[in-house]
Amino acid sequence: MNENEIRLLVEKQRDYFRTGATLNASFRINALKRLRDCIQKNEVEITDALRKDLGKSAHESYMCEIGMTLSEITYMIRHIRSFSRERRVRTPLAQFHSRSFVKPSPYGVVLIMSPWNYPFMLSLEPLVDALAAGNTAIIKPSAYSPATSAVISKIIEECFIEEHVATVTGGRSENTALLNQHFDYIFFTGSQSVGKIVMEKAASHLTPVTLELGGKSPCIVDETANLKLAAKRIVFGKYLNCGQTCVAPDYIYCDSRVRDELVEEIKKQIRRQYGKQPLKNKKYGKIINEKHFDRINGLIDQAKVVCGGNSDADTYKIEPTVMTDVTFQDAVMQEEIFGPVMPILTYDSIDEAIVKINSMAHPLALYLFSSSKENQEKVTSRCGFGGGCINDTIIHLATSEMCFGGFGESGMGSYHGKEGFRTFSHYKSIVDKKTWLDLPMRYQPYRKINDKLIRFFMK
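The sequence shown runs contiguously to residue 467 in my numbering.
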């Protein structure tokens with residue numbers, strides 16, 4: 009679509025929103041039910057698209073994309089009526105003859121810009137929350153995952169009129185055209201560099217934004233950790249989707265006393281989970297494109313590789329790779345890896361690790377493997393990060409009962425479940441003042457008795 013067509017689409021959605029059609033709770037519930045049914049009907053096609061774009065297996069596609077989206081829909085259908093009700097709050101004594109309440113209202117026309125690494129889930133989960141809150145929405149999926157973008161477009165066209173929900177496909181020119189429009193809310197998931205552009209463009213219209221970015225998420229392993237279980241769960245979280253996960257453990261930061269044992273356990277787990285020849289494992293995915301394949305390979309220092317390190321340029325596959333004796337000055341530590349390369353660094357005390365992590369940009373996630381309650385409390389209290397796990401990886405974003413979002417350089421705002429509804433809603437604070445009484449103390453001319461009354465009520 010060109011810029012004029014996009015402008016007309018935004019205007020069409022704004023006109024539709026102003027009719028009030030999306031405000032009814034039953035309308036929202038029915039919209040989500042149609043979306044759920046269409047996803048279930050097209051599950052095979054979605055799975056095939058994810059395999060084409062990222063080499064994902066059917067199991068991983070359902071676990072990390074389709075199932076996650078369906079869970080969010082189910083949660084919202086169950087809670088829309090309660091979330092959208094007015095909530096009465098306490099009224100101050102001075103206004104006792106009033107009713108005070110907070111009323112959730114949709115923003116209006118929402119733009120959702122999604123990335124290529126989880127192209128289905130990260131397009132539709134924010135959409136579910138936006139529709140539950142009563143907005144209209146335009147989705148802009150990534151040009152790097154064309155097969156999935158095509159399926160998303162098909163599903164949206166089957167479920168919705170374009171005045172309610174529409175998909176705009178394409179690349180940078182479409183992104184620019186969209187960001188030039190006046191939206192009421194923008195939800196962006198992607199890189200920090202593009203996130204800055206989105207925020208800058210939104211500022212010209214004073215449009216609020218949610219930015220889900222990334223960063224170098226540390227995985228701390230202390231001397232008290234269950235190393236066998238830690239290795240199993242770290243390998244799962246790190247190499248899921250070939251490391252192309254915004255909350256993947258970017259690097260391991262472990263106590264120097266347990267490093268060698270941990271490395272051996274990680275090697276065993278890579279063989280168990282991916283086989284002796286991961287590049288031939290049909291259920292092990294691929295890097296999204298040649299650009300990222302070359303970038304990730306460029307971060308691998310073969311002199312420091314203790315496991316993996318090989319790749320296949322024809323299939324864009326890179327083995328699950330482990331590097332030791334890595335320093336914070338190495339190339340692999342200068343950017344978010346976003347691939348199947350695991351650098352391992354060491355510390356001598358947990359306090360040293362905390363100081364170092366806090367000296368870096370705030371990560372989207374942090375993981376701690378430890379049996380020490382003292383260390384658990386220290387790390388979770390003193391380190392700044394978006395969210396994370398103790399003795400596991402990734403799973404903190406798999407529940408609609410907890411919000412998910414970045415902090416500092418890793419983003420702003422959050423979503424999932426009730427917090428997702430709140431993200432796409434403006435909460436109006438309203439006082440319903442009764443007419444049968446009108447206290448004189450606030451009006452001029454001010455008198456001593458009025459002063460005494462104000463001091464009585466306001467203290």
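The beta-carbon is built from N, C-alpha and C at its ideal position, and this holds for glycine as well.
Report the three-state DSSP secondary structure of Asp400 (helix, strand or coil).
Position 392 of the sequence shown, counting from 1, holds the residue named residue 400. Shown here, Asp400 sits in coil according to DSSP, grouped into three states, outside any helix or strand.
Same chain, Cβ closer than 8 Å to Gly317, five either side skipped, listed in chain order
Against the sequence shown, residue 317 aligns to sequence position 309. Result list for Gly317: Ile308, Gln310, Glu327 and Thr329, in chain order.
For Asp320, collect the residues of the same chain with a Cβ closer than 6 Å to its Cβ; drop the 5 residues on either side in sequence, then sort them by chain order.
Here residue 320 refers to the residue found at position 312 of the sequence shown. These residues qualify, in order along the chain: Leu287.
Cα-Cα separation, Cys391 to Gly63
Locating residue 391 in the sequence shown gives position 383, where the first residue counts as 1. Locating residue 63 in the sequence shown gives position 55, where the first residue counts as 1. C-alpha separation (whole angstroms): 35 Å.
In terms of residue numbering, what span does the alpha helix (DSSP H) encompassing Leu130 cover?
Against the sequence shown, residue 130 aligns to sequence position 122. Met129 to Ala140 is the extent of the alpha helix (DSSP H) around Leu130.
Just tell me which of Thr177, Ile345 and Lys290 has its CA closest to the CA of Arg303.
For this step, residue 303 is matched to residue 295 along the sequence shown. With distances taken between CA atoms, Arg303 lies nearest to Ile345 out of Thr177, Ile345 and Lys290.
What does DSSP give as the partner residues of Thr144 in its beta bridges?
Your numbering for residue 144 matches position 136 in the sequence shown. Its beta-bridge partners are Val117.
Asn366 burial status per 10 Å Cβ neighbour count (16 or more: buried):
On the sequence shown, residue 366 is found 358 positions in, with the first residue counted as 1. Classification of Asn366: exposed, given that the 10 Å Cβ count is below 16.
Considering only the alpha carbon of each residue, which of Lys312, Val313, Ala361 and His300 lies closest to Lys325?
Position 317 of the sequence shown, counted from the start, is the residue given in the question as residue 325. When each option's Cα is compared against that of Lys325, the closest is His300.
What runs of the beta strand (DSSP E), each 3 residues or longer, lie entirely inside the segment 316 to 374?
Complete beta strand (DSSP E) runs here, min 3: 329 to 331 and 349 to 355.
Specify, as a first and last residue, the run of the alpha helix (DSSP H) that Cys167 falls within.
Locating residue 167 in the sequence shown gives position 159, where the first residue counts as 1. For Cys167, the uninterrupted alpha helix (DSSP H) segment begins and ends at Pro154 to Cys167.
Beta-carbon proximity check, Asn374 vs Gly419, cutoff 9 Å:
Reading the sequence shown from its first residue, position 366 is the one you call residue 374. Reading the sequence shown from its first residue, position 411 is the one you call residue 419. Correcting the residue type first, residue 374 is Leu in the shown sequence and not Asn. Using a Cβ distance threshold of 9 Å, Leu374 and Gly419 do not count as a contacting pair.
Simplified DSSP assignment, three categories, for Ala29
Your numbering for residue 29 matches position 21 in the sequence shown. In the structure shown, Ala29 sits in a helix (DSSP, three-state: H, G or I).
So, does the segment 216 to 232 touch the segment 191 to 201, judging by three or more C-beta pairs under 8 Å?
Because the criterion of three Cβ pairs below 8 Å is met, the segment 216 to 232 and the segment 191 to 201 touch.
Which partner residues does Leu376 have in the DSSP bridge list?
Stepping through the sequence shown from its first residue, residue 376 is reached at position 368. As DSSP reads the structure, Leu376 sits in a beta bridge with Ile228 and Ile398.
Which class does Cys72 belong to by DSSP, given the choice of helix, strand or coil?
As a position in the sequence shown, residue 72 is number 64, starting the count at 1. Three-state result, Cys72: helix.
Burial state of His105, where buried means 16 or more other Cβ atoms lie within 10 Å:
To locate residue 105, count along the sequence shown from 1; it is residue 97. So His105 ends up on the exposed side.
Checking 9 Å against the spacing of the C-beta atoms, do Gly293 and Glu68 come in under that value?
Within the sequence shown, the letter at position 285 stands for residue 293. Within the sequence shown, the letter at position 60 stands for residue 68. Result yes, Cβ atoms of Gly293 and Glu68 sit closer than 9 Å.
Take the Cβ of Trp124 as the centre, count every other Cβ of all protein chains shown within 10 Å, and call the residue buried at 16 or more, exposed below.
For the purposes of this step, residue 124 is taken as residue 116 along the sequence shown, with counting starting at 1. When all chains shown are included, Trp124 counts as buried.
Check for me: the alpha helix (DSSP H) holding Arg93 runs from which residue to which?
Numbered from 1 along the sequence shown, position 85 holds the residue referred to as residue 93. Judged by DSSP secondary structure, Arg93 falls outside any alpha helix (DSSP H); it is assigned neither H nor E.
Excluding the five sequence neighbours on either side, which residues of its own chain have a C-beta within less than 6 Å of the C-beta of Met9, listed in chain order?
Counting from one through the sequence shown, the residue named residue 9 turns up at place 1. Within the same chain, Met9 has close Cβ partners Val176.
Distance between Pro100 and Asp459 (C-alpha atoms, nearest Å)
Counted from its first residue, the sequence shown places residue 459 at position 451. Counted from its first residue, the sequence shown places residue 100 at position 92. Going by the C-alpha atoms only, they are around 17 Å apart.
For Leu219, the first and last residue of its enclosing beta strand (DSSP E)
What you label residue 219 is simply residue 211 of the sequence shown in a count that begins at 1. Its beta strand (DSSP E) spans residues Val217 to Glu220.
Residue interval of the beta strand (DSSP E) (run including Tyr193):
Walking along the sequence shown from the start, residue 193 turns up at place 185. Residues Tyr193 to Thr197.
Applying the 10 Å Cβ sphere with the 16-neighbour rule, what's the burial state of Arg89?
To locate residue 89, count along the sequence shown from 1; it is residue 81. Exposure of Arg89 is indicated by the presence of fewer than 16 other C-beta atoms within 10 angstroms of its C-beta.
Exposed or buried, which one is Ala238 when buried takes at least 16 other CB atoms within 10 Å?
Residue mapping note: residue 238 aligns to position 230 of the sequence shown, counting from 1. By the neighbour-count rule (16 or more Cβ atoms within 10 Å), Ala238 is buried.
For Cys411, which option in Phe432, His424 and Thr55 has the closest C-alpha, if you only look at C-alpha atoms?
As a first step, residue 411 is located in the sequence shown; it is residue number 403 there, counting from the start. Closest by alpha carbon: His424.
Apart from the five residues on each side of it in sequence, which residues of its chain come closer than 7 Å, Cβ to Cβ, to Ser161?
As a working mapping, residue 161 is identified with position 153 in the sequence shown. Hits under 7 Å: Thr175 and Thr177.
State the Cα-Cα distance for the pair Tyr193 and Leu119, rounded to the nearest angstrom.
Start at 1 with the first residue of the sequence shown, and residue 193 comes out as number 185. Start at 1 with the first residue of the sequence shown, and residue 119 comes out as number 111. It is roughly 6 Å from the alpha-carbon of Tyr193 to the alpha-carbon of Leu119.
Roughly how many angstroms lie between the CA atoms of Arg2 and His370, to the nearest whole one?
An answer regarding residue 2 cannot be provided, because it is not within the stretch 9 to 467 covered by the chain.
Which two residues bound the contiguous alpha helix (DSSP H) that contains Thr184?
Walking along the sequence shown from the start, residue 184 turns up at place 176. Segment Arg180 to Leu187, the alpha helix (DSSP H) holding Thr184.
Other residues of its chain near Pro348: CB distance less than 8 Å, five sequence neighbours each side excluded
Stepping through the sequence shown from its first residue, residue 348 is reached at position 340. In its chain, beyond the 5 residues on either side, Lys246, Tyr247, Cys250, Gly251, Ile304, Gly316, Ile326, Glu327, Pro328 and Thr329 have a beta carbon closer than 8 Å to the beta carbon of Pro348.
Per-residue DSSP class, three states only, for Gly63
Translated into positions along the sequence shown, residue 63 becomes position 55. Coil at Gly63, not helix or strand.
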